[in-house]
Amino acid sequence: MARGEACGGDAGKVKGEAREIPDEITDEILLRLPSRSALARAAAASAGFRALVSSPRFLRRHRALHRDPGSLLGVFTSSLTDDGEGTGFHPAEPPQPAAAAASAVAAAADFSFAFLLSDPSSADGWMVRDCRDGRFLLDRVAAGAERGTVFTELAVCDPLSRRYALLPPIPEDLAATIDGVLNVFGGRRACEPFLGPADADASDAESPPFTVFWTARCQRKLAAFAFTSRDGRWRALPSPECFIWRRHRSPFSCPMNTVWNRRHYAHGRFYWVDCLTNRWLVLDARAMEVTLAVIPSPAGYWEEHVAVVEAPGGEVGVFAHDFHHPGGKADLHYYTIVQDAGGAQRWQLEKTIPLPWPGACHRPFCVRGAANGCLIIEVSEEMPAFMASHRVRDAELFKIDVKSFQLEKICQARCAGGAAGQCCWPYFGFPPSLSLATV
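Here it is in structure tokens:
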């Protein structure tokens, strides 16, 4: 009897000791969780896990092991109205799984960017120009600056940490090469700066490096410069000289200011698509060069009907819809860009997704943006976005991703913009407790 009691006592002792897993082993186990959504579930199960996974050191190591863009937390829209109506972050709403995290981010972040330095001498405030990987790029016209709308002041910001970095001006020797620039954003700007993709090789860095591209649409080419925070320098990118913007365009096609503002991104490359002439302008963020590709597109698409997306397996996908909808039925078509035996590229239809909104009288929906394989669609009963331009309107925002092809509502929003500019960005991220500063 005594032996049995001793054995039982020893077994209980061993069982108790087995529960005490060393911290370094727990750390390694949690590092192998595939996403920060899984980390959030682990944190909810234990206060000890919560303290571990929320530490910046752990999150940097996890980010280095797993390419996880996070959940779609909402959409940021920007307006050119003087009062700023229509500008702001629209968090995902229930029943979206990320609604709680979206609400927490909306409460914790400063999407008004009030932490940025103001210039009392300038009548022009900061304008959001791009959003990617949790960072925002803003610019403003410097007071009294010559060609101020061409060479604007630039700032990279993180609204969650309220950190920002002001970029140095483009050097005079590079600026002197720019001539004959076309205006964008209703004449308020004559340049198109945007953020480069995150550097996966430096994802474990305490201050991850970032890249900013500056482009301007000249008469004969797309002028392009690149800035990297690694060395703090601007450099010129090679660009084809023969690209004449107006020569091949019909007077009955989309107006110039509505055609070339729509920029797309997929797998390390940025694209501008001209469906009329079948020309794709390609900026390779790794090779740091601009090239021209000819990819014949199906008839009937205008640039505002098209969104290039990241497809699985490194493929380039394209969502597109027709301008006219026979019988009032609206469809969204999904293509991949494939290469034939001779090396020529073409659109290959993969799927047609019926949309629930009638389109017989007018087009109540439009493509607004895309990121991480997710397409954003705006639905409004007001005037179609092509005609509405920057007018502010009530709308519903929906998403379709390239894996499920399911249409899901994200939220309701006051929106502005449309074909005349890229003023809508999907915002992917994590709850504040699992977020790292990006600047």
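If you count the sequence shown from 1, you need to add 720 to reach our numbering.
Glycine included, C-beta positions come from ideal geometry on N, C-alpha and C.
For residue i, the three-state DSSP class (helix, strand or coil)
i: Glu748; result: helix
i: Asp839; result: coil
i: Ala925; result: coil
i: Pro889; result: coil
i: Ser791; result: strand
i: Ala771; result: helix
i: Arg855; result: strand
i: Asp951; result: coil
i: Phe778; result: helix
i: Pro1152; result: helix
i: Leu942; result: strand
i: Leu880; result: coil
i: Val901; result: strand
i: Phe1106; result: Model confidence at Phe1106 stands at a pLDDT of 49, short of 50, so the residue's coordinates are unreliable; what they give is reported in the following sentence. Note: Phe1106 maps to helix in three-state DSSP.
i: Arg783; result: helix
i: Arg983; result: strand
i: Leu759; result: helix
i: Leu1117; result: strand
i: Leu753; result: coil
i: Leu915; result: strand
i: Asp743; result: helix
i: Leu957; result: coil
i: Leu874; result: strand
i: Phe972; result: Caution applies to Phe972, whose pLDDT of 42 falls short of 50 and renders its modelled position unreliable; the value that the coordinates give is listed next. The answer is coil: DSSP assigns Phe972 none of H, G, I, E or B.
i: Ala812; result: coil
i: Ala1157; result: coil
i: Ala827; result: helix
Selected residue, minimal CA-CA separation from residue i, among the options
i: Pro928; options: Thr897, Arg855, Thr872 and Ala895; result: Arg855
i: Trp902; options: Leu942, Pro889, Ser881 and Ser766; result: Here the sequence assigns Leu to residue 902, which means Trp is not the residue at that position. For the residues Leu942, Pro889, Ser881 and Ser766, the minimum Cα distance to Leu902 belongs to Leu942.
i: Ala1019; options: Ala1005, Ile1073 and Leu1069; result: Leu1069
i: Ile1057; options: Arg1006, Tyr991 and Asp893; result: Tyr991
i: Ser775; options: Arg756, Asp788, Gln939 and Lys1119; result: Arg756
i: Met847; options: Gly864, Leu874, Val1036 and Glu866; result: Leu874
i: Ala1161; options: Ile1120, Phe1148 and Glu1098; result: Outside the displayed range of the chain (721 to 1159) lies residue 1161, so it cannot be described from this structure.
i: Pro754; options: Pro742, Asp743, Arg781 and Ile745; result: Arg781
i: Leu887; options: Gln939, Ile745 and Phe930; result: Phe930
i: Phe1150; options: Trp1022, Ala820 and Ala767; result: Ala820
i: Ala1007; options: Ala829, Ser959, Phe809 and Ile898; result: Ser959
i: Ala1050; options: Gly1063, Phe1085, Lys1071 and Trp1022; result: Phe1085
i: Leu1012; options: Trp1000, Trp1022 and Tyr1021; result: Trp1000
i: Ala986; options: Glu1009, Arg950, Glu961 and Gly1034; result: Gly1034
Own chain residues within Cβ distance below 7 Å of residue i, not counting five before or after
i: Ser1160; result: This structure gives no information on residue 1160, because the portion of the chain shown stretches from 721 to 1159.
i: Ala1157; result: Asp878, Ser881 and Arg883
i: Arg1134; result: Glu805, Gly806, Val1112 and Asp1114
i: Arg989; result: Val1002, Leu1003, Asp1004 and Ala1005
Cβ neighbours of residue i in the same chain (closer than 8 Å, five flanking residues each side left out)
i: Pro891; result: Trp954
i: Val823; result: According to the sequence provided, residue 823 is Ser. The question's Val does not apply to it. Closer than 8 Å at Cβ, skipping near neighbours: Pro811.
i: Arg983; result: Glu912, Phe914, Phe990, Tyr991, Trp992 and Gln1142
Beta-carbon separation (whole angstroms), residue i vs residue j, contact threshold 8 Å
i: Leu957; j: Ala944; result: 4 Å
i: Gly1093; j: Val1029; result: 5 Å
i: Ser798; j: Cys1143; result: 4 Å
i: Phe1039; j: Leu1003; result: The pair is not a contact, with the Cβ atoms about 20 Å apart (cut-off 8 Å).
i: Ala818; j: Ser838; result: Not confirmed; about 33 Å, so no contact.
i: Val1122; j: Ala1031; result: 5 Å
i: Val1159; j: Val876; result: 6 Å
i: Phe769; j: Ala762; result: 5 Å
i: Ile1073; j: Tyr1054; result: 7 Å
i: Ile1130; j: Gln816; result: 6 Å
i: Leu751; j: Leu793; result: Not really, about 24 Å apart at Cβ, beyond 8 Å.
Own chain partners of residue i with C-beta closer than 6 Å, once the 5 adjacent residues on each side are dropped
i: Arg849; result: Leu857, Asp859 and Pro913
i: Arg909; result: Thr869
i: Pro1076; result: none
i: Trp1145; result: Phe796, Cys851 and Gly1089
i: Gln1065; result: Ile1015, Ile1057 and Gln1059
Give, in chain order, every unbroken run of the beta strand (DSSP E) that is at least 3 residues long and sits entirely within the region 1046-1099.
Listed in chain order, the complete beta strand (DSSP E) runs (minimum 3 residues) inside the region 1046-1099 are 1051-1059, 1065-1074, 1085-1091 and 1094-1099.
Which full runs of the beta strand (DSSP E) of 3+ residues lie inside the region 989-1046, going along the chain?
Runs of the beta strand (DSSP E) lying entirely within the region 989-1046, each at least 3 residues long, are 989-994, 999-1004, 1009-1014, 1026-1030 and 1036-1040 in chain order.
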